[in-house]
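Chemist: First the structure, then my questions, so here it is.
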Amino acid sequence: MNCGFACAVVSIELPPLRQRADDIPELFAHFVRAACARYGKPEPAWTSEDMMRWQLHDWPGNVRELKNVAERFTLGLDDGLPQPPAGADSLASRMVRAELGYIEEALRSAGGQVIRAAEQLGLPRKTLYDKITRHGIDQNAFRQMSPPKE
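The UniProt record's numbering numbers the first residue of the sequence shown as 1 and each following residue consecutively.
Next comes the structure, spelled out in structure tokens:
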């Protein structure tokens, strides 16, 4: 039996990475952990701004490019993405910052309780959890804060 013929029966098509921005944090973290294990390095920390840049990138090299960026980041090299021109502030980056601000404010006023914050924002709980992950927000930091007194 020809294995190549048998294996060609199933074809899986995935949209390009640029259309799956919600997958980037999880994929990036996976590639960083793999690179840390391969190179014997501690896992580096990244900011929500780093993650925002990675999620807004077009990824013409798709998942392979993301893996290379994660490896370069793990090794302490640059983040692998072209730097925006000085003073450039795209609509997309402004929208991401605005969304981040709304989420952080809702978490702050809800004392870190995601269900209450989701209600304030009019979002399903799962959607808010996805956005918290995408932005790299530490929701525990908001749990330590008490909600403002009214």
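Backbone N, C-alpha and C fix where the C-beta goes; we use that ideal spot for every residue, glycine too. Predicted model only: the values in this text are computed from it and were never measured.
Are the CB atoms of F142 and G111 nearer to each other than 9 Å?
Modeler: Numbered from 1 along the sequence shown, position 142 holds the residue referred to as residue 142. Numbered from 1 along the sequence shown, position 111 holds the residue referred to as residue 111. In this structure, G111 lies closer than 9 Å to F142 by Cβ.
Chemist: Considering only their Cβ atoms, is the gap separating A117 from P124 smaller than 9 Å?
Modeler: Locating residue 124 in the sequence shown gives position 124, counting from the first residue. Locating residue 117 in the sequence shown gives position 117, counting from the first residue. Cβ atoms of P124 and A117: not closer than 9 Å.
Chemist: On the three-pair Cβ rule with 8 Å, is the segment 56-76 touching the segment 103-110?
Modeler: No: the two stretches stay apart, fewer than three of their Cβ pairs being nearer than 8 Å.
Chemist: Are the Cβ atoms of G136 and S11 separated by less than 9 Å?
Modeler: The count along the sequence shown starts at 1 and reaches residue 136 at position 136. The count along the sequence shown starts at 1 and reaches residue 11 at position 11. In this structure, S11 does not lie closer than 9 Å to G136 by Cβ.
Chemist: Looking at R97: is its Cβ nearer than 9 Å to the Cβ of M52?
Modeler: If you number the sequence shown from 1, residue 97 lands on position 97. If you number the sequence shown from 1, residue 52 lands on position 52. The answer is yes: Cβ separation under 9 Å.
Chemist: So N62 and L17 are supposed to be a Cβ contact under 8 Å. How far apart are they, rounded?
Modeler: For this step, residue 62 is matched to residue 62 along the sequence shown. For this step, residue 17 is matched to residue 17 along the sequence shown. Between L17 and N62 the Cβ distance is about 5 Å, and since that is below 8 Å, they are a contact.
Chemist: Just tell me which of D138, F28, I115, L56 has its CA closest to the CA of R94.
Modeler: The residue you call residue 94 lines up with position 94 of the sequence shown. Here the closest residue by C-alpha is L56.
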